[in-house]
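According to my numbering, the residues represented by the sequence shown are 175 to 589, in order. Just so you know, even glycine gets a beta-carbon here, dropped at the ideal spot from N, CA and C.
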Amino acid sequence: MIRQHIFTHSTAALLAATCITTFATLSIPVEAQTMKPITTPKLSDKLNAAVLDGIKKQNYPGATLIVGQKGKILHAKAYGTFTYENNAPKVKLNTIFDLASCSKVVGTTTATLINLDDKKFKLSTPVYQIVPDFNKPDKTQITVKDLMTHVSGLPAYMSSSVAEKKRKPNQSKADALISAYSDLKLKYKTRTDYVYSCLNFQTLARLNENATDLRNEDLLIERVFGPMKMNDTRYILSKAQLKRTIPSYKNSKGIPVNDKVHDPLAAYHGSTEHCPGNAGVFSTAPDLAKYCQMILANGKFDGKQIISSNIIKEASKPQTPANVKKEKRGLGFDVWESKPYVTDLNFKSGRYVIGHTGYTGTFLWMDTYSDTYIVFLTNRCFTAKGKKMASVNPQRRAVTDAVLRSLPQYKNYFK
175 MIRQHIFTHS
185 TAALLAATCI
195 TTFATLSIPV
205 EAQTMKPITT
215 PKLSDKLNAA
225 VLDGIKKQNY
235 PGATLIVGQK
245 GKILHAKAYG
255 TFTYENNAPK
265 VKLNTIFDLA
275 SCSKVVGTTT
285 ATLINLDDKK
295 FKLSTPVYQI
305 VPDFNKPDKT
315 QITVKDLMTH
325 VSGLPAYMSS
335 SVAEKKRKPN
345 QSKADALISA
355 YSDLKLKYKT
365 RTDYVYSCLN
375 FQTLARLNEN
385 ATDLRNEDLL
395 IERVFGPMKM
405 NDTRYILSKA
415 QLKRTIPSYK
425 NSKGIPVNDK
435 VHDPLAAYHG
445 STEHCPGNAG
455 VFSTAPDLAK
465 YCQMILANGK
475 FDGKQIISSN
485 IIKEASKPQT
495 PANVKKEKRG
505 LGFDVWESKP
515 YVTDLNFKSG
525 RYVIGHTGYT
535 GTFLWMDTYS
545 DTYIVFLTNR
555 CFTAKGKKMA
565 SVNPQRRAVT
575 DAVLRSLPQY
585 KNYFK
């Protein structure tokens, strides 16, 4: 049975209230604490134009954007409204967003790195040794690293109906999912190909919980979110936090939904007894700015070593097997290869650009060459009436390009 730390709504609300004064405890200069970013009008104009372009085109009703470098804030701003209604609340920097697949990094990857640090298991540890369901002839060779780099052979996704049909009496939905994943036929032999898979990370989350006898959220609050005062980063939000949570989608009746995770598998899985690994984390741009700062500082934040520098360095470079020629992955992190997200200098120096994207319109970008990060959150799945869901990649590219061109580290590169 997973041990759970109990947080009442009143306790969670108190924790949430402590971080409404954005950046008050972040290890950055006074200018940033008062939300006076250290930037140039030219950069701000470009960033504002990029984000507002998405709102004008109704790609999303609201967004937050923070850009930082080496402990300084270059840009921090909230845009738009929660929904498209005339009386909708305005987005603020402490507005909470559904992170979707950025949860894979902020939640599951972080928990895994902590457990690697604590020697709960190794990258080479076979999954079945910790998750017994995977003790199947075709899956005994799958390791922790294979899950983290998406080379396990598991398919990209699975309908929750597959698990529901097989679910035994008194079996939890979360347990039914893990059992169903272990029964699936592999799409390819482990470590011979790459398929980005939500199933990898739901399995990885369960592996973490089995290894520690703790819910991932409880481990993260104890080791990361608590010490870093990331008090708005949670799988389960308090009533007070829900008031600041932007709707990520509309239900079948057209009613805005902000109290449930958007991802179908994560929603079916639930977050009470076990945490879903592929999605399910909610957070704010200021909290995520702290997270990015910690990663770029090789695991250190405000004088505390949250995760060992060696583990962070390993996680921040390509770990995909050499024979797999597709997309490069670090340990849980995406390693960007295409412009404008990276430059040639990143690969020449071995200081890569890492991060992740989320289906709901979220984006984390960390450049280890210049120690710069971007946190760009939107609710693009909340579509305008009569409109189909739009891509936010044009806005992500415009923001990233503007940031890179503004940095002194790339001054000669962009001549």
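Would you tell me roughly how many angstroms separate the C-alpha atoms of residue i and residue j, rounded to the nearest one?
| i | j | result |
| --- | --- | --- |
| D461 | R397 | 15 Å |
| E501 | Y368 | 7 Å |
| N586 | R579 | 10 Å |
| G524 | L505 | 16 Å |
| W510 | S298 | 25 Å |
| I480 | Q467 | 12 Å |
| L267 | A250 | 8 Å |
| T364 | I316 | 7 Å |
| D320 | A385 | 17 Å |
| I229 | F588 | 29 Å |
| S371 | H324 | 6 Å |
| I429 | A330 | 29 Å |
| V265 | Y515 | 26 Å |
| K220 | D349 | 47 Å |
| P401 | K464 | 11 Å |
| G451 | A440 | 8 Å |
| A237 | T536 | 9 Å |
| D312 | K427 | 43 Å |
| K417 | T542 | 35 Å |
| A489 | K231 | 37 Å |
| K499 | K513 | 18 Å |
| F449 | Y409 | The question names Phe, but residue 449 in the sequence shown is Cys. C-alpha separation (whole angstroms): 7 Å. |
| N382 | N261 | 43 Å |
| H443 | K522 | 42 Å |
| A191 | K478 | Reliability of the predicted coordinates at A191 is poor, the pLDDT of 33 falling under 50, and the value obtained from them is presented with this limitation in mind. In a straight line, the C-alpha of A191 is about 23 Å away from that of K478. |
| P300 | D307 | 12 Å |
| S184 | S412 | No answer about S184 holds up, because its pLDDT of 35 lies below 50 and its placement is not dependable. |
| I270 | D433 | 11 Å |
| R554 | T534 | 6 Å |
Helix or strand or just coil, what does DSSP make of residue i?
| i | result |
| --- | --- |
| L388 | strand |
| F456 | strand |
| T377 | helix |
| K585 | coil |
| V573 | helix |
| L248 | strand |
| G228 | helix |
| M468 | helix |
| A237 | strand |
| V431 | strand |
| V549 | strand |
| Y362 | coil |
| Y302 | helix |
| D219 | helix |
| N541 | One point to set straight first is that residue 541 is Asp, not Asn, in the sequence displayed. Three-state DSSP puts D541 in a strand. |
So is residue i buried or exposed if we call it buried at 16+ other beta carbons inside 10 Å?
| i | result |
| --- | --- |
| G560 | exposed |
| D292 | exposed |
| T214 | exposed |
| S457 | buried |
| I395 | buried |
| S445 | buried |
| G473 | buried |
| D387 | exposed |
| G327 | buried |
| Q569 | buried |
| E259 | exposed |
| Q345 | exposed |
| P421 | buried |
| A206 | Unreliable placement is indicated for A206, whose pLDDT of 32 sits below 50; no coordinate value is reported for it. |
| K487 | exposed |
| D508 | buried |
| P582 | exposed |
| P343 | exposed |
| N366 | According to the sequence provided, residue 366 is Thr. The question's Asn does not apply to it. Under this definition T366 is an exposed residue. |
Just to check, is the beta-carbon of residue i closer than 7 Å to a non-hydrogen atom of the ligand SAH?
| i | result |
| --- | --- |
| D307 | Only the bare structure without any ligand can be found here, which leaves the ligand SAH out of the picture. |
Every unbroken beta strand (DSSP E) inside the region 470-538 [3 residues or more]
527-532
Evaluate the contact criterion for the region 328-340 versus the region 350-363: three or more CB pairs, one atom per stretch, below 8 Å.
yes
Is it a yes or a no for the region 217-227 touching the region 567-575, going by three-plus beta-carbon pairs under 8 Å?
yes
For the region 305-359, which segments carrying the beta strand (DSSP E) assignment without a break, of at least 3 residues, lie completely within its bounds, in sequence order?
none
Does the region 241-257 come close enough to the region 540-547 to have 3 or more Cβ pairs within less than 8 Å?
yes
Check whether the region 276-285 and the region 378-395 are in contact - that is, three or more C-beta pairs closer than 8 Å.
yes
Check whether the region 269-277 and the region 446-457 are in contact - that is, three or more C-beta pairs closer than 8 Å.
yes
For the region 490-498 against the region 552-569, do three or more pairs of beta-carbon atoms, one drawn from each stretch, fall closer than 8 Å, so that the two count as touching?
no
Jot down the residue ranges of each uninterrupted alpha helix (DSSP H) in the region 255-297, minimum 4 residues, whole runs only, in chain order.
284-291
Could you name each continuous alpha helix (DSSP H) segment of 4 residues or more that falls completely within the region 394-446, going from the start of the chain to the end?
413-416, 438-443
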